[in-house]
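**Q**
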Amino acid sequence: MSDPSPSPMPPLETPQYAYWPQAPALSQAPGYALPPPPMLAGRPSNVYHGLTIASFVLSLLALLGVVVLLGIGLLSFSGGLGDEAGDMAPLTGTIPSTATLAPLSGDDLADTVADLIRKDGAGSVDMTCPATPQVLQNVTTVCHGQIDDGDWAVVVFFEDGNGSFTLMPV
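For the sequence shown, the working numbering begins at 51 and goes up steadily by one.
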């Protein structure tokens, strides 16, 4: 039997394609799929800009804190924040010739020490000193009292047998 509606076109042949070798499939355990490859999707987010600014500000504050602590440390080591005793320099003097040097009474030594401290610029001075049995080199005594309404102790170092001494505030 013949075809009732013959086609004006010849029948199509099966096209011939070139064969290109492909990479072998990866062997994997049954039931596990490979993870998807990493990829960027869309524009980068602006979520982290606030965190970046905050971390920058906090790091600047930390740096400022370190600089301030170093400044305070340098001031304390250089004596900028010292106590009052460190501000007072040693004073030198001599026991007056009217006082007897052996033994030296506490009242005579207290008067001499108070006069020397007043000459250095102190306003009111009230000192008490113990009696010193001998005035010789390397003899030391400590006087206590009030200098300008502050409690002080003053070490008296005798330098020789003639009554020369050095005062060191404590």
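Note that beta-carbon positions come from the ideal geometry of N, C-alpha and C, so glycine has one too.
Below 8 Å on the Cβ atoms is my contact criterion, and I expect I221 with A172 to pass it. Report the Cβ-Cβ distance as a whole number of Å.
**A** Residue 221 lies beyond the residue range present for the chain, which begins at 51 and ends at 220; the question has no answer from this structure.
**Q** How big is the Cα-Cα spacing for P88 and G100?
**A** Numbered from its first residue, the sequence shown carries residue 88 at position 38. Numbered from its first residue, the sequence shown carries residue 100 at position 50. About 26 Å.
**Q** Take every Cβ of the segment 97–117, pair it with every Cβ of the segment 139–158, and state whether three or more of those distances are shorter than 8 Å.
**A** no
**Q** What residue range is occupied by the uninterrupted alpha helix (DSSP H) comprising I103?
**A** Residue numbering aside, residue 103 sits at position 53 when the sequence shown is read from its first letter. Start and end: 99–128.
**Q** What's the C-alpha gap between P219 and D176?
**A** Along the sequence shown, one-based indexing puts residue 219 at 169. Along the sequence shown, one-based indexing puts residue 176 at 126. Their backbone Cα atoms lie some 14 Å apart in a straight line.
**Q** Check each candidate in F208, H194, Q187 and name the one with the smallest Cα separation from W202.
**A** Counting from one through the sequence shown, the residue named residue 202 turns up at place 152. When only C-alpha atoms are compared, the closest one is H194.
**Q** Determine the direct distance from the alpha carbon of G123 to that of Y98, and round the result to whole angstroms.
**A** To locate residue 98, count along the sequence shown from 1; it is residue 48. To locate residue 123, count along the sequence shown from 1; it is residue 73. Their Cα atoms are separated by approximately 38 Å.
**Q** Give me the Cβ distance between P153 and L217, rounded to the nearest whole Å; I'm assuming they're in contact under 8 Å.
**A** On the sequence shown, residue 153 is found 103 positions in, with the first residue counted as 1. On the sequence shown, residue 217 is found 167 positions in, with the first residue counted as 1. Contact doesn't hold; Cβ gap of about 20 Å is too wide.
**Q** In or out: I103 buried (at least 16 other Cβ within 10 Å) or exposed?
**A** The residue you call residue 103 lines up with position 53 of the sequence shown. Label assigned to I103: exposed.
**Q** Taking DSSP's pairing of strands, which residues face A203 in a bridge?
**A** Start at 1 with the first residue of the sequence shown, and residue 203 comes out as number 153. Answer is H194, bridged to A203.
**Q** Need the endpoints of the beta strand (DSSP E) that T162 sits in, please.
**A** Counting from one through the sequence shown, the residue named residue 162 turns up at place 112. From DSSP, T162 is part of no beta strand (DSSP E) but of the alpha helix (DSSP H) over 156–169.
**Q** Measure the C-alpha to C-alpha separation of T191 and D165 and round it to an integer number of angstroms.
**A** As a first step, residue 191 must be located in the sequence shown, where it is residue number 141. As a first step, residue 165 must be located in the sequence shown, where it is residue number 115. For T191 and D165, the distance between alpha carbons rounds to 17 Å.
**Q** Considering only C-alpha positions, which residue in the set V163, R168, T178, S126 is nearest to F215?
**A** In the sequence shown, the residue the question calls residue 215 occupies position 165. For F215, the closest of V163, R168, T178, S126 by C-alpha to C-alpha distance is V163.
**Q** Identify the residues that DSSP records as bridge partners of D176: which are they?
**A** Mapped onto the sequence shown, residue 176 falls at position 126. Bridge partners of D176: Q196.
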